[in-house]
Amino acid sequence: MLNYTPKEVVEREALKINPCKTCQPAGALYAALGVNRCLPHSHGSQGCVAFHRMFLTRHFKEPVMGSSSSFTEGSSVFGGGSNLKTAAKNIFDLYDPRIIAVHTTCLSETIGDDLGSIITEMDIPEGKYVVHCNTPSYKGSHVTGFTNMVSGFVNYLSRKTGTSNGKLCVFPGWGNPGDYREYKKLMKAMKVPFSMLPDTSGVLDGAMTGKYEMYPDGGTTIEEIEGLGDCISSLALGIQTSEPSAVALKKKCGVDYNAIPLPMGIENTDKFIMTLQQFSKEDVPFEVEEERGQLVDMMVDIHPYTYGKKVAIYGDPDTVLGITQFCLELGMIPKYVITGTPGVQFKAAAEAMMEKFGIEDSVIKAEADLFYLHQLMKNEPVDIMIGGTHGKHIARAEGIPLVRMGFPVIDRYIHSYMPLVGYKGGMRMAELIVNAIMDYQDSHCEEKDVEMVM
Ligand code: SF4
1 MLNYTPKEVV
11 EREALKINPC
21 KTCQPAGALY
31 AALGVNRCLP
41 HSHGSQGCVA
51 FHRMFLTRHF
61 KEPVMGSSSS
71 FTEGSSVFGG
81 GSNLKTAAKN
91 IFDLYDPRII
101 AVHTTCLSET
111 IGDDLGSIIT
121 EMDIPEGKYV
131 VHCNTPSYKG
141 SHVTGFTNMV
151 SGFVNYLSRK
161 TGTSNGKLCV
171 FPGWGNPGDY
181 REYKKLMKAM
191 KVPFSMLPDT
201 SGVLDGAMTG
211 KYEMYPDGGT
221 TIEEIEGLGD
231 CISSLALGIQ
241 TSEPSAVALK
251 KKCGVDYNAI
261 PLPMGIENTD
271 KFIMTLQQFS
281 KEDVPFEVEE
291 ERGQLVDMMV
301 DIHPYTYGKK
311 VAIYGDPDTV
321 LGITQFCLEL
331 GMIPKYVITG
341 TPGVQFKAAA
351 EAMMEKFGIE
361 DSVIKAEADL
371 FYLHQLMKNE
381 PVDIMIGGTH
391 GKHIARAEGI
401 PLVRMGFPVI
411 DRYIHSYMPL
421 VGYKGGMRMA
431 ELIVNAIMDY
441 QDSHCEEKDV
451 EMVM
C-alpha cells in the first residue's frame, strides 16, 4: 500500500500525512475517565465526541463514554452556552455522574465560548461538580489535551487547608491502566502514601462481570483531588506531559514538585524508585530489587539479538523517550526518534540520551508525521519499528517487524492491561522486542539456518 512513498524529502509546513497524533479533546476525554464517577463532556458538535469515543474504545477494547453539547448551526453562530447548560442539567438528571469534565473543541474555541463564565452561571446540584479545560485542537495534540484536563481538575478542585496529609501527589502522565497499576504496586511496595491523578485502572481494564457499570469503581476520587493541595510534594512522571500539572498545583497550593522521565527501562525506573525512597525513607524491599535483577538478567540474555539493531521509534513524546532509553540500554541504535506532538523538550532530551550512549547521526524530530518517517527509512533502512498501529503499513511496505507500544494500538489486544513502566514493564518491552527480532529471523532466514535453539 505504501510501496510508492518517495525517497526525496520535501519540506512541508501546511500538510501532515499520517500525523502520529490526534486532537486535544481525545486526550482530555481520556484524562477525565481517570476520575471516579466522572462523565467527560465535549463542548462542540456530536461528531467530535463520537470520533474520540471510538478512537479510545478501539485502543482499550472497553466502552468509552462521553457526552456532547451537540452544536447545531445556531450554536455555531451564537455560541454554545445554552447548549452546555441544558446538557449539564440533562446529564445530572439522566446519568447521575458526580462530576462533569468539559473540554472544548475546534468549533467552540473558534467562536470563543467562555466556559469559565458559562459554568459559574449553571445551576449545579449540591455535591456535584462541573470543571473545564480548553483544548483547541489546532494546537498541540492529544497529549496536550490530556495535560490540560489534568491541570483543569487541579485548578478547579485542589485546595490547601494548611494541614499536611503526608502524601505524595503523583501525576503519572499518559499511560495504560496496566501502567497505572504498576505505579500503585511499586508505591505500595515502597510504603509511599500517595494520591495519583488521573488513574484509569479499574475503569478501562475492568473484569467481566456480566453487568454494565457506567461508572466503575476506579478513578481518582474528588476528595483525593481536593487533597492534592495538602500533599507534601508532587512527582511528575514524564516531563512534557506531567510537569505543567505539577506547576499548576504549585501555583495554586504551593506544593513543591519533582519532574522525572517516565520510569521505562533500568535507569529511569531506578530514578523513580530512588525518588520514592527519598520520600518514604524506607529501604527498597527485596521484591523490587529482585524484579530489577530479573530484568538485568533478561537484558544480558537477549543482548546478542538486540545489540546493534537499528530501530525507528515513534509516538507520544514521553513514551518515545522512555522506549528510546530502554533500546539504548539494550545496545540498539535508535536511528529515527519521532513524535507528532510539538515541544522543544523532546529533541533536547533525546539528543542528551544519544550523546550519553555515543550514538551519532540519529534523526530526532518533534511535530513530525509518519510519512516523513517512512521517507527517512527509504533512504536508510532500519531493522525494526516500535510504535502504535499507524506505522503498520510502513512496516509492511518495508518488510520489517513492528513492535506495538504506546498509543494507539488498535489492531491488537491485551496491551492496555500490561505495563511498559517499572521493571515489570521493562520485561514486557524486552520480550516484545526480542521475540519480534527472532520471529523475523525464523521466517526470513534460509532453510538451512532454521534452528530449534537460537
Ligand atoms: S480536530 Fe476539531 S473538529 Fe476534528 S474531531 Fe478534533 S475537535 Fe472535533
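Residue 1 is where the sequence shown starts when you use full-length UniProt numbering, and the numbers rise one by one after that. Glycine included, C-beta positions come from ideal geometry on N, C-alpha and C.
Residues sharing a beta bridge with residue i, DSSP
i	result
residue 462	The first residue shown for the chain is 1 and the last is 454, placing residue 462 beyond what the model contains.
S416	Its beta-bridge partners do not exist; DSSP assigns none.
K365	I338
N258	L235
S68	S42
Start and end residues, beta strand (DSSP E) containing residue i
i	result
Y4	First-last for Y4: undefined, no H or E at that position.
L39	C38 to H43
Y129	Y129 to C133
F171	L168 to F171
T195	The identity of residue 195 in the sequence shown is Ser, whereas the question assumes Thr. Element bounds for S195: F194 to M196.
G387	I384 to G387
A101	I99 to T104
Close beta carbons around residue i, own chain, < 8 Å, minus the five adjacent residues each side
i	result
residue 468	The first residue shown for the chain is 1 and the last is 454, placing residue 468 beyond what the model contains.
V296	I266
V11	The residue you asked about is not Val; residue 11 is Glu in the sequence shown. No residues qualify anywhere along the chain.
T324	I313, P334, V337, A350 and M353
V288	L186, A189, M190, I273 and Y423
Endpoints, alpha helix (DSSP H) assigned at residue i
i	result
L402	Where L402 is concerned, there is no enclosing alpha helix (DSSP H), although the beta strand (DSSP E) it sits in stretches over L402 to R404.
P117	The identity of residue 117 in the sequence shown is Ser, whereas the question assumes Pro. S117 -> alpha helix (DSSP H) spans L115 to T120.
F78	E73 to F78
V320	P317 to E329
T269	G265 to S280
I302	F286 to T306
P25	Q24 to L33
H390	Segment: none, H390 is in no alpha helix (DSSP H) and carries neither H nor E.
N18	From DSSP, N18 is part of no alpha helix (DSSP H); its letter is neither H nor E.
I433	G422 to H444
E226	I222 to G227
R181	P177 to A189
E62	It is not in any alpha helix (DSSP H) - E62 carries neither H nor E in the DSSP assignment.
M353	V344 to K356
residue 456	The requested residue 456 does not occur in the structure, where the chain is confined to residues 1 to 454.
6 Å Cβ shell around residue i - same chain, five flanking residues per side excluded
i	result
residue 461	As shown, the chain starts at 1 and ends at 454. That puts residue 461 outside it, with no answer to give.
T104	H43, N134 and T135
F371	I17 and N18
R412	R404
L432	V403
P285	A189
E224	S195
V49	S42, G66 and S68
N379	K7
Sequence-distant residues of its chain with Cβ nearer than 7 Å to residue i (five each side left out)
i	result
H59	F407, P408, V409, I410 and S416
Closest by C-alpha distance to residue i, when choosing among the options
i	options	result
I99	A32, E121 and K252	A32
Y129	T144, T241, A88 and T110	A88
L186	V453, V450 and G422	G422
A366	Q294, F346 and I333	F346
Y305	Y440, G175, S45 and C23	Y440
A259	D199, M299 and F171	F171
A14	Y138, S108 and L2	Y138
Y307	P419, R292 and A430	A430
G178	G112, M454, C445 and P419	P419
L197	E213, N155 and H52	N155
K21	I384, D369, N379 and E451	D369
I239	D199, K250 and T147	T147
Y180	T163, G27, S164 and S201	S201
Y257	F71, A248 and P263	A248
K310	M332, Q24 and P125	M332
Y215	E398, E62 and P317	E62
T120	K85, E182 and P97	K85
V255	A26, T163 and E291	T163
L107	T57, G74, Y30 and P40	G74
D123	F153, I91, R396 and V203	I91
F55	G27, T319 and L39	G27
V150	F51, I414 and T220	T220
beta-carbon residue i near the ligand FAD non-hydrogen atom, thresh 7 Å
i	result
C445	The model on display carries the ligand SF4 but not the ligand FAD.
(request) Check whether the segment 203-212 touches the segment 225-243, counting contact only when three or more Cβ pairs, one atom from each stretch, lie closer than 8 Å. (result) The way I'd put it, the segment 203-212 doesn't touch the segment 225-243; fewer than three beta-carbon pairs between them come closer than 8 Å.
(message) Is it the case that the segment 105-116 contacts the segment 67-87, given that we only count it when at least three CB pairs across the two stretches are under 8 Å?
(response) For the pair of segments examined, the segment 67-87 was found to touch the segment 105-116: the number of CB pairs separated by less than 8 Å reaches three.
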